[in-house]
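Residue numbers (mature numbering (1 follows the signal peptide of the UniProt record, and there is no 0)): -26 to -1, 1 to 497.
Written out as structure tokens, the structure reads:
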């Protein structure tokens, strides 16, 4: 009996001894030493890490970027984001950090591969390695981090297939693998019902729409943009993902119609489907998504009418339907979208007049309606950008143009505008660009052109302007480009006009009879 007691005592002693190294490995001192050892490997260590010092080991919990568990006084979070760190994680010893719940080194210059040892951080719930220079593949060992809720590897140089083992992470709500060079995994092995935020944007994914996503019923944010996805947008997306607030599928090769069931995405605020191969009509039922703020459908093959129901979207701020085959008039109901700041309908087959109701859009700062067949200009006093080139506008430029005091870019080129330049045009003192070429504008350029002190580009070519160029045009010292050819100007080019530009197009060109000053650089 005594012998057996001695044996048990010896075994107990051995067991105690075996525990001591484990405790040492997870002590505050060992953690502090591990951080210092890693910092010493960095090629660029920022000044804030001077608190990481061997003479300051006992103050680990007060070190920059370090947070501690108040009970154990060991490290619970490391946040090194945006500290301009350069180096690798190859020499980072993760072993002592048994209580680590957060590891954030986003927005630095950390390179190399992501160490597989990171999978030993069993309590980690937040891992952010985004906006660095990591290369190689995503280590499968990350799938061991079963407490993980937030995982971002966005904006690195990661390549290879996305590990399907990530689908075994039961608690992940935020998954961002965007802006890498990742390729298709076996989507059939994916199932991540806990996801609320998912981004695979800017990768090399080439499959049809990943079916597992339609079962992520808690998703509020989905971004698959800038990949090579093909096929149709599945109906289950509309019927299952009713919590979506942001849906970004742009810059892929999705095709087919936009389902009327999109109306079931009643929480949607951002709908971005531009640069795809979508066709058919824009569903009238879009008005059921009352909270929509952004609708981007440009560069697809949508046909038919602009739905008048869009006028019910009272929160709409941006509507971009450019580069489709829409062939209606502009519905006057658009004037009800009084929060619009951006309206782009260019390169369609629209016809008719601009509805007077558009003058209600007092917040509008950018409007582009070029390359349609429209015939009237409205009054939109907050505009900064007005692009109406390549339409069939006729008659004089309305004097109300002078009310658009905030305009920086005005392009009315390629129309049938005639008559003289309105005196109110020279009140637009914020203009950087004035393009009126390929019209039938006549009369003279008045001295008031000199009021446009901020003008950089002036293009009046191919009109019916005549007379002498006013000396005041030389006062526009910001001018970098001016084109006047195809008019009937006469007299001398103002001697100072070429001083601020490397060249002037139109001084001696066809139709004009301008004399070039000797020694000038004008062509």
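Quick reminder that beta carbons are idealized off the backbone N, C-alpha and C, glycines included.
Limits of the alpha helix (DSSP H) - the one that residue i falls within
i, result
"residue 3", "2 to 13"
"residue 498", "Outside the shown range of the chain (-26 to 497) lies residue 498, about which nothing can therefore be said."
Of the residues the options, the one placed nearest residue i, counting alpha carbons only
i, options, result
"residue 461", "455, 439, 443 and 451", "439"
"residue 380", "331, 343 and 338", "338"
"residue 437", "414, 90 and 425", "414"
"residue 330", "358, 303 and 140", "303"
"residue 237", "211, 56 and 110", "211"
"residue 168", "137, 182, 155 and 125", "125"
"residue 42", "466, 75, 59 and 467", "75"
"residue 88", "132, 435 and 60", "132"
"residue 359", "382, 281 and 116", "382"
"residue 12", "80, 29 and 59", "59"
"residue 404", "393, 185, 357 and 3", "357"
"residue 262", "249, 55, 282 and 272", "282"
"residue 64", "109, 463 and 402", "109"
"residue 268", "318, 78 and 433", "318"
"residue 30", "136, 246, 6 and 291", "6"
"residue 78", "340, 446 and 102", "102"
"residue 66", "146, 8, 465 and 315", "8"
"residue 249", "218, 324 and 201", "201"
"residue 442", "134, 421 and 44", "421"
"residue 444", "326, 287 and 419", "419"
"residue 323", "332, 298 and 27", "298"
"residue 377", "20, 393, 398 and 247", "398"
Pair within 8 angstroms by beta-carbon distance, residue i and residue j
i, j, result
"residue 213", "residue 243", "no"
"residue 391", "residue 371", "yes"
"residue 276", "residue 300", "yes"
"residue 259", "residue 234", "yes"
"residue 471", "residue 452", "no"
"residue 194", "residue 227", "no"
"residue 240", "residue 208", "no"
"residue 215", "residue 232", "no"
"residue 199", "residue 224", "yes"
"residue 289", "residue 313", "yes"
"residue 61", "residue 18", "yes"
"residue 99", "residue 80", "no"
"residue 278", "residue 255", "yes"
"residue 97", "residue 138", "no"
"residue 36", "residue 2", "no"
"residue 433", "residue 416", "no"
"residue 295", "residue 266", "no"
Cβ neighbours of residue i in the same chain (closer than 7 angstroms, five flanking residues each side left out)
i, result
"residue 285", "305, 307, 308, 310 and 311"
"residue 40", "34, 49 and 52"
"residue 181", "158, 161 and 203"
"residue 90", "113 and 115"
"residue 140", "116 and 117"
"residue -3", "In this prediction, residue -3 scores a pLDDT of 38, lower than 50, which makes its location untrustworthy; the coordinate-derived value is nonetheless stated afterwards. Same-chain partners within the cutoff: 4."
"residue 94", "68 and 69"
"residue -5", "Because the pLDDT at residue -5 is just 39, under 50, the model does not fix this residue reliably, and the point stays unresolved."
"residue 107", "83, 84, 85, 130 and 131"
"residue 425", "400 and 403"
Start and end residues, beta strand (DSSP E) containing residue i
i, result
"residue 157", "155 to 157"
"residue 210", "Per DSSP, residue 210 belongs to no beta strand (DSSP E); it is in the alpha helix (DSSP H), 209 to 214."
"residue 134", "131 to 135"
"residue 341", "340 to 342"
"residue 222", "220 to 222"
"residue 60", "60 to 62"
"residue 206", "204 to 206"
"residue 450", "Where residue 450 is concerned, there is no enclosing beta strand (DSSP E), given that its DSSP letter is neither H nor E."
"residue 244", "244 to 246"
"residue 416", "414 to 417"
"residue 190", "Element bounds for residue 190: n/a, residue is neither H nor E."
"residue 268", "268 to 270"
"residue 277", "275 to 278"
Contacts around residue i, its chain only, beta-carbon distance under 6 angstroms, and the 5 residues preceding and following it disregarded
i, result
"residue 197", "173, 175 and 222"
"residue 363", "344, 385, 387 and 388"
"residue 427", "none"
"residue 128", "104, 150, 152 and 153"
"residue 191", "214"
"residue 178", "155 and 157"
"residue 56", "81"
"residue 326", "303"
"residue 206", "230"
8 angstroms Cβ shell around residue i - same chain, five flanking residues per side excluded
i, result
"residue 493", "The pLDDT assigned to residue 493 is 38, lower than 50, so where the model puts this residue is not dependable; a value taken from the coordinates is nonetheless given after this. Nothing meets the Cβ criterion."
is_contact[residue i, chain B] using C-beta, thresh 8 angstroms
i, result
"residue 234", "The structure shown has no chain B; it contains just one protein chain."
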